[in-house]
Every structure is written in C-alpha cells, then in structure tokens.
Amino acid sequence: MATTFKALNLTPILLQNLQKLNYSTPTPIQESAIPLLLQGQDVAGHAETGSGKTAAFGLPLLQTIKPELQQVQALILVPTRELAVQVRQELKQYAKGITNLKISAFYGGHSFSQERASLAHPPQLLVATPGRLTDHLNRRTLDVSFVKKLVLDEADKLLEMGFEEEIDQIMEALPAKRQVILFSATMPQEVKDLIADSLKNPQFVKASASAIPDQLLLKGVKAEQAQKQETIVALLKTAITGGTVVFCNTRAAVDDLTIALQQNGIAARALHGGMEQPDRDKMMTLFRNGTTQVLVATDVAARGLDIDLLETIVHYELPDDLAAYQHRSGRTGRAGKKGTVYTLATPRDERKLRDWDQVRMDEWLKADGLLQKATIASAPQTAAFATITINAGRKDKLSPRDIVGALIAETGLTHAEIGKIEVQDRSSFVAVPQAQAKTVAEKLSNGKIKGRKFRVHVVK
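Here it is, written out as structure tokens:
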C-alpha cells in the first residue's frame with residue numbers, strides 16, 4: 001500500500017495544497033479509495049466520521065474534472081445544509097490555485113434566486129442537499145447533462161431522512177454513463193440495496209472497525225441526574241480549554257443548558273434545527289473564529305461540524321444508540337489530531353454504555369471532585385476575541401486582504417491583532433480583540449473599505 005499522497009499519483013497542485021494543510025500521510029480510506037476513483041471505478045465506502053472521506057472522494061474529483069468546461073461535471077449529495085457548507089469549504093481548500101474552477105453549495109434555507117442567478121456561470125463541482133437539487137431540476141434551472149460523477153455522502157443519513165425519492169429522481173436525470181461514489185458510516189440493508197441498484201461493479205473499501213478514533217481520549221463523569229447542570233459548569237470551568245461542543249438530545253434541553261451556562265459566566269451559544277438558517281450560520285462562524293468557545297447543540301450539528309478549533313466533545317445527555325454516540329464523538333480528533341470526549345453518566349447511563357461494548361472509557365471522574373475543584377477555581381476568562389460583521393462580501397468584490405488593509409489603516413490594529421476573517425456572499429465576519437471591538441466597529445463604519453463605506457457592527 002502507498003504511504004504518501006505522492007504515491008497515489010495526485011497532481012502537483014493538489015500535493016502542494018495538501019502539504020500546506022499539513023496532510024502528511026493518507027488515512028486508510030484515502031489510501032484505498034483514491035487509486036480506484038482515479039481509475040474511474042464505482043466505489044462504496046464504509047467510512048465513519050473523522051476518517052478523511054471528503055478528501056478520499058474530493059481529490060479524485062478535483063483531479064479529473066475539466067476546469068475549462070464551465071458546466072456541472074460532478075454532483076455531491078449530502079443530507080444537511082451544514083454538511084453542504086463544510087464539504088464545499090474543504091474542497092475549496094484542496095483546490096486552491098486551480099484556475100477557472102468554481103465550487104458551489106445549494107441547500108434549503110439559502111436564496112433560490114441567488115442560486116439560479118449563479119448558474120449563469122455554472123460550477124464544475126456542485127454540493128447539494130437532495131431537496132434543493134430536485135427543486136432546481138423541477139424548475140429546469142440546472143443542466144446536469146455534463147455530469148460524469150455522482151457522490152452520495154453519508155448515504156445512511158440520506159435514506160434515514162427520507163430522501164429516497166429525490167435520489168431516484170436525480171439518478172434518472174443524470175447521463176447513464178457516470179461514475180457513482182457512495183460513502184456511509186453504517187451499512188443497514190437499505191444502504192446495501194442502494195449500492196446494488198445504483199453502482200456498477202462497485203469496489204468496496206472500509207475505513208476501520210471502530211468509529212471512535214484511537215487518538216481520542218474518552219473520559220466518563222459519574223453524576224446523578226440532579227447534579228448534571230452544576231457538574232458541566234464545573235467541568236467547563238476547570239477541566240476544559242479550547243473549542244467545545246456540548247450535545248443534548250432536544251432543542252429545549254439545548255436552550256435551557258445554554259441559559260444556565262451563560263448565567264454561570266460561560267460564553268456559550270445554542271445550535272439546533274429550530275433556529276433560522278442565518279442564525280445557525282452565524283453561530284458556526286463565531287465558533288470557527290474562536291469568539292464562541294462553547295456550542296450547546298443537538299445532533300443537527302453532529303453532521304457537518306468539522307472545525308479545526310474543536311478540541312472537546314461533551315455528551316451532556318446520551319443519545320439513543322451507539323452510532324449517534326460515535327458520530328458525535330468523532331467530530332473531534334479528526335484526520336489524526338488529538339481530542340477529548342467527556343460523557344456525563346448517571347447510573348442508568350453507565351448501564352447503557354456497558355451495553356455498547358464498543359465504547360472504551362480511558363478514565364472515570366467523579367462529579368463531587370469536579371465540584372470541589374470548581375469552588376476554588378477562578379471565574380472563566382471571557383473570550384479574547386469578539387466578532388464584527390461588515391454588510392458586504394464576495395458579491396461586493398470584497399476579499400480578506402481588503403478587510404485587513406482597511407482595519408490597519410482605519411482602526412490602528414496591527415496584522416497580529418486581527419483574527420480569523422470569513423467573507424460570505426453578502427457579509428463578512430472578523431475576529432478582533434474583545435476590548436477594542438466596539439471602537440474598531442465604529443472606526444471602520446466611519447472609514448472606508450476599498451474606497452467605499454459599509455455598515456459595521458459587533459455581533460451580539
């Protein structure tokens with residue numbers, strides 16, 4: 001087996017980008033899938049969260065499409081909006097420097113008219129949720145006659161969410177001669193049937209036997225139900241630093257816990273399916289740039305949450321099944337990085353964990369010990385950064401470089417003081433020092449970016 005990306009026969013530009021991203025050696029799924037996909041074979045991958053599957057299908061797609069042909073040539077179907085955005089971002093990182101290449105993401109909650117307008121210059125790679133894609137097909141706004149490759153990502157979730165009809169409709173609309181690539185974290189009968197119906201002579205590849213990567217440290221916290229809230233406050237104040245996602249099972253539990261954490265001086269934010277899409281996007285942006293260090297979320301965030309700053313997962317409530325536990329846990333420790341997973345367990349939860357005999361626990365902590373520590377610990381520090389938002393983005397021809405230049409010229413910030421910048425279609429978000437955020441927003445609002453005035457304010 002190959003041990004380097006170079007040995008997988010990838011082009012120099014892709015190898016260069018992988019090097020910049022510190023991807024040193026291929027993961028098992030990349031090693032197995034990339035050669036088969038470059039040969040044009042249909043592939044069915046049993047790949048769990050954190051196995052590196054986006055690069056496994058993404059690199060061969062980027063290597064084999066034709067940037068000079070401005071038509072949709074590869075379609076990637078994903079179950080959720082969050083995953084669509086994440087996959088697009090990852091592909092863009094791998095594709096840096098490939099000229100004339102456009103990668104788009106289409107999904108519900110996003111403006112349909114904007115998507116339709118962008119199809120005047122179609123992307124070569126399109127990441128989409130099935131509902132939104134069939135919407136475009138029904139309205140005849142999308143030409144799929146040039147599509148040579150179809151990826152079904154997280155196929156188990158696509159079927160679980162009831163997208164079977166949409167997948168059938170999309171398959172029917174595509175040219176008969178195509179390469180089909182399917183990845184799934186689990187292999188229930190429905191997924192096996194989909195593989196049998198949709199892939200020709202598929203080559204099967206498997207990532208690993210366990211969905212929880214070895215490099216993850218798993219810690220259990222024994223706590224009675226009535227102690228759980230004060231226990232997690234103690235845990236966040238004493239044992240955890242860096243980006244953390246706390247998982248609850250319901251929207252109501254997320255909202256309640258977020259308020260409780262905020263009342264205890266922890267800068268937590270909520271993320272769940274009951275929120276409007278722009279609000280969910282905003283929470284993800286604040287988490288990505290380090291302004292928010294604790295996200296309290298339902299499983300809607302367990303898919304499509306791939307963030308470098310994510311170091312810790314906390315299971316505040318145990319999910320119903322082992323697969324969901326593995327998915328949540330696998331949001332950290334991705335692509336070989338280290339991560340820690342805490343599980344708050346009542347005696348009943350401990351029994352459930354024992355029934356899931358695949359869950360190892362490296363260490364058990366006691367709630368009482370944490371609570372004792374917390375009483376002598378100092379109050380948590382507030383985030384070093386706050387986020388300002390500018391009411392202009394890519395569509396206004398704004399780039400991160402323009403924003404940095406304006407911040408230095410108008411506000412007196414140095415390059416080193418400016419945090420992560422995210423330029424979206426119609427808005428931009430910048431992490432700036434917390435203590436100066438208000439002043440920076442005012443000065444930038446009164447000043448100019450690229451010779452133009454824009455509204456700027458601090459994100460609350």
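Going by UniProt numbering, 133 is the number at position 133 of the sequence shown; the sequence numbering is gapless. C-beta atoms are modelled at their ideal positions from N, C-alpha and C, and glycine is treated no differently.
In the DSSP assignment, Arg-354 falls within the alpha helix (DSSP H) that extends over 347 to 355. A Cβ-Cβ distance of about 6 Å is found for the pair Ile-103 and Pro-123, placing them in contact under the 8 Å criterion.
In the three-state scheme derived from DSSP, where H, G and I count as helix and E and B as strand, Phe-204 is classed as strand. The beta carbon of Asn-264 sits closer than 7 Å to those of Val-233, all from its chain and outside the five residues before and after it, given in chain order. With respect to the 8 Å criterion, Leu-235 and Met-361 are not classified as neighbours on the basis of their beta carbons. With respect to the 8 Å criterion, Leu-137 and Gln-179 are not classified as neighbours on the basis of their beta carbons. Nearest to Phe-385 by alpha-carbon distance, out of Glu-172, Lys-352, Ala-437, is Ala-437. Arg-132 counts as buried, since at least 16 other C-beta atoms from the protein chains shown sit within 10 angstroms of its C-beta.
Phe-106 sits in a strand when the DSSP states are folded into three classes.
Between Leu-174 and Leu-159, the gap from beta carbon to beta carbon reaches 8 Å or more. Judged by DSSP secondary structure, Val-191 falls outside any beta strand (DSSP E) and instead within the alpha helix (DSSP H) spanning 189 to 198.
Contact fails between the stretch 250 to 257 and the stretch 392 to 403, because fewer than three Cβ pairs, one in each stretch, are under 8 Å apart. Inclusion of Tyr-316 and Val-246 in the CB contact set at 8 Å is warranted, their separation being smaller than that value. Less than 8 Å separates the beta-carbon of Ala-128 from that of Tyr-107. Boundaries of the beta strand (DSSP E) harbouring Glu-363: 363 to 366, taken from the DSSP string. A direct Cα-Cα distance of roughly 46 Å separates Phe-112 from Asp-355.
With a cut-off of 8 Å on Cβ pairs, the stretch 189 to 207 is in contact with the stretch 35 to 54, counting three or more such pairs. The residue among Leu-18, Ala-406, Gln-215, Gln-293 with its C-alpha nearest the C-alpha of Val-341 is Gln-215. By the criterion of a C-beta distance shorter than 6 Å, Glu-363 is surrounded in its chain by Lys-219, once the five residues flanking it on both sides are discounted.
Here the alpha carbons of Lys-282 and Lys-420 stand approximately 14 Å from one another. Between the C-alpha atoms of Thr-4 and Leu-21 there is a straight-line separation of about 14 Å. Under the DSSP definition of a beta bridge, Ala-44 partners with Leu-182, Phe-204. A direct Cα-Cα distance of roughly 33 Å separates Leu-61 from Ala-431. Judged by DSSP in its simplified three-state form, Lys-438 adopts helix.
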